[in-house]
DNA sequence: GATTGTTTCAAACGCTTGTTTGAATCATAC
DNA sequence: GTATGATTCAAACAAGCGTTTGAAACAATC
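Chains as they are written, first to last, in this note's numbering: chain G, 804 to 1030; chain Y, 804 to 1030.
Structure, rendered in structure tokens:
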């Protein structure tokens, strides 16, 4: 019990402090101080700071992506082979994340903020791990969206997914960035309203008219066949 | 000359390294090493690391925002009091930024990436400075958008501005995040195509149908009058 | 209740950080 | 060419970093 308690307390404190100050700028002394455990406990339970960081991500991310796949499964089962509405697909992918982010008590909110900023520029020792966790999920959701939006090429869907991740990341980034755009005019405490706003924005972007590209007009740019 | 040379070399090296490793994780030894100047040169020319950071931002941001205001001025002058098309407004605000980001030789690309990640979570000693630089500009652009989109309330416009900044930030964040969504499927080297994609996405989001909020349906949530 | 294995603790390790120092070097003017 | 001020340099500073250590405290087993 004491063991689990210490491990969990370290993970919770680390998650929150990483969110606040960044991965590299957070010191083990801050973490162990906040968790009220001894400094050496991190190296005892996790081996190193880097492994602690990976564990902070693993703990939540596995759950998050499994959940996304499960909900997409049941959506596809219900549709029975027919394409699903784009709004429903987005509601699964981002809804699960935003629901986790709305759980401010359990630290989910903190984690989603951390994920957004780490995903943007992951240190090399988490990048591979992050890619592993995401590729399968993103593949499934891309396929579903391609099916749902026959007019939009797969490449464009991936780009718009990327943009949507950015919008969500900023939406969850907390009050700092928000205060720069809008002093005190905006209130991000209402998670449900934020969800509605973000969803309508993203859906508008996802279904926007295709951009006109100067280069090869319609066909995808293809690399030469290997010699 | 030697002075200006050293100062400029430090600023350039710092800008690039801050982008690559983050503000706090970049050391003065890395910076002075890359700039091929003595370690003490930073403290001699800038006083401290914090003031160097502020100067890195000031150098580009002042130019960027002045440019935005100038282009909006001439747009409004040409319109002669009539509302401007939303696409034109976005093209000024984000176009100036993306044009700077397209200048990979001069370091503009690096700076815009840095700005996107710092804007998201600014350290306290740059937050105030960043807000100062932005409030006037954002006020002008918000006003122009409110005029251009009479159906969209000002609050919603600010939110969508926030989301658009997130989309742009991710769009410029480099290949790291992109490789997670799409292994090698996407190519961000074509700045013009990226601009077109991002612009159509953002315009779609900006003009999306308004979200239906459960709370007070139309009137803005107002805090109670102070006792 | 001694024994064994796990967890905690205070203290120290070697190393890197931002900053300071005082002498050496440079440029410029008399 | 020598004096003056600005700039560069190698070296050191205290402070903080992640990690290691060995003993103390605890838990469970016989």
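Note that CB positions come from ideal geometry on N, CA and C, so glycine has one too. On a predicted model such as this, the values are computed, not experimentally measured, just so you know.
Cβ neighbours of residue i in the same chain (closer than 6 Å, five flanking residues each side left out)
i               : result
residue 914(Y)  : 818 and 863
residue 906(G)  : none
residue 972(Y)  : 919
residue 994(G)  : 905
residue 1082(G) : With chain G covering 804 to 1030 only, the question about residue 1082(G) has no answer from this structure.
residue 884(G)  : none
Assumed close pair residue i, residue j - CB separation to whole angstroms, cut-off 8 Å
i               : j               : result
residue 892(G)  : residue 860(G)  : 24 Å between Cβ atoms; not a contact.
residue 1011(G) : residue 1003(Y) : 5 Å
residue 1013(Y) : residue 963(Y)  : With 8 Å as the limit, residue 1013(Y) and residue 963(Y) do not qualify as a contact, their Cβ atoms being about 10 Å apart.
residue 961(G)  : residue 985(Y)  : 5 Å
residue 977(Y)  : residue 916(Y)  : 6 Å
residue 903(Y)  : residue 867(Y)  : 6 Å
residue 930(G)  : residue 979(Y)  : 7 Å
residue 981(G)  : residue 824(Y)  : No, residue 981(G) and residue 824(Y) are not in contact; Cβ-Cβ is about 26 Å, not under 8 Å.
residue 827(G)  : residue 827(Y)  : 7 Å
Close beta carbons around residue i, own chain, < 7 Å, minus the five adjacent residues each side
i              : result
residue 974(Y) : 997 and 1001
residue 871(G) : 895, 896, 899 and 940
residue 833(G) : 820
residue 925(G) : 933
residue 857(G) : 929 and 932
residue 949(Y) : 957 and 960
residue 991(G) : 978, 981 and 997
residue 999(Y) : none
Per-residue burial, residue i [other beta carbons within 10 Å of its own, 16 or more giving buried]
i               : result
residue 959(G)  : buried
residue 815(G)  : buried
residue 953(G)  : exposed
residue 923(Y)  : buried
residue 830(G)  : exposed
residue 811(Y)  : exposed
residue 855(Y)  : buried
residue 805(G)  : Since pLDDT at residue 805(G) reaches only 44, below the 50 mark, its modelled position is unreliable, and the value read off the structure follows with that caveat. By the neighbour-count rule (16 or more Cβ atoms within 10 Å), residue 805(G) is not buried but exposed.
residue 951(Y)  : buried
residue 822(Y)  : buried
residue 910(G)  : buried
residue 842(G)  : exposed
residue 1021(G) : Only weak support is given to the placement of residue 1021(G): the predicted model assigns it a pLDDT of 45, under 50, and the value that follows is read from those uncertain coordinates. Label assigned to residue 1021(G): exposed.
residue 865(G)  : exposed
Within chain G, partners of residue i - CB distance below 7 Å
i               : result
residue 1008(Y) : 1004, 1005, 1007 and 1008
residue 820(Y)  : Within chain G, no residue comes near residue 820(Y); the closest Cβ sits about 13 Å away, beyond 7 Å.
residue 872(Y)  : Ordered by position in chain G, no residue passes the 7 Å Cβ test against residue 872(Y), which lies about 16 Å from the chain.
Residue i: contacting residues in chain G (beta-carbon distance under 8 Å)
i               : result
residue 958(Y)  : 988 and 989
residue 979(Y)  : 923, 924, 925 and 930
residue 865(Y)  : Within chain G, no residue comes near residue 865(Y); the closest Cβ sits about 16 Å away, beyond 8 Å.
residue 965(Y)  : 973, 974, 980, 981, 984, 985 and 989
residue 968(Y)  : 973, 980 and 984
residue 1013(Y) : 1003
residue 817(Y)  : In chain order: nothing, as chain G lies at least about 17 Å away.
residue 937(Y)  : 983 and 984
Cross-chain neighbours of residue i in chain Y, by beta carbon under 9 Å
i              : result
residue 886(G) : Ordered by position in chain Y, no residue passes the 9 Å Cβ test against residue 886(G), which lies about 20 Å from the chain.
residue 827(G) : 824, 825, 827 and 828
residue 875(G) : Correct list: empty, because the minimum Cβ distance to chain Y is about 17 Å.
Contact set for residue i: own chain, Cβ-Cβ below 8 Å, skip 5 residues either direction
i               : result
residue 809(Y)  : 838, 840, 844 and 848
residue 879(G)  : 887 and 947
residue 1006(G) : 889, 890 and 893
residue 813(G)  : 834, 835, 838, 840, 844, 845, 848, 849 and 855
residue 967(G)  : 893, 897, 1005, 1008 and 1009
residue 937(G)  : 868
Beta-carbon neighbours of residue i, restricted to chain Y and to distances below 7 Å
i              : result
residue 920(G) : 923 and 924
residue 894(G) : Near residue 894(G) there are no residues of chain Y at all, since even the closest Cβ is about 13 Å away, more than 7 Å.
residue 941(G) : 984
residue 857(G) : Those do not exist, as residue 857(G) stays about 15 Å from chain Y at its closest Cβ, beyond 7 Å.
residue 999(G) : 1014, 1015 and 1016
Residue i: contacting residues in chain Y (beta-carbon distance under 8 Å)
i              : result
residue 951(G) : The contacting residues do not exist; residue 951(G) stays about 16 Å from chain Y at best.
residue 933(G) : 983
Proximity test, residue i beta-carbon vs the ligand NAD heavy atom, cut-off 7 Å
i              : result
residue 917(Y) : This structure simply doesn't include the ligand NAD, nor any ligand for that matter.
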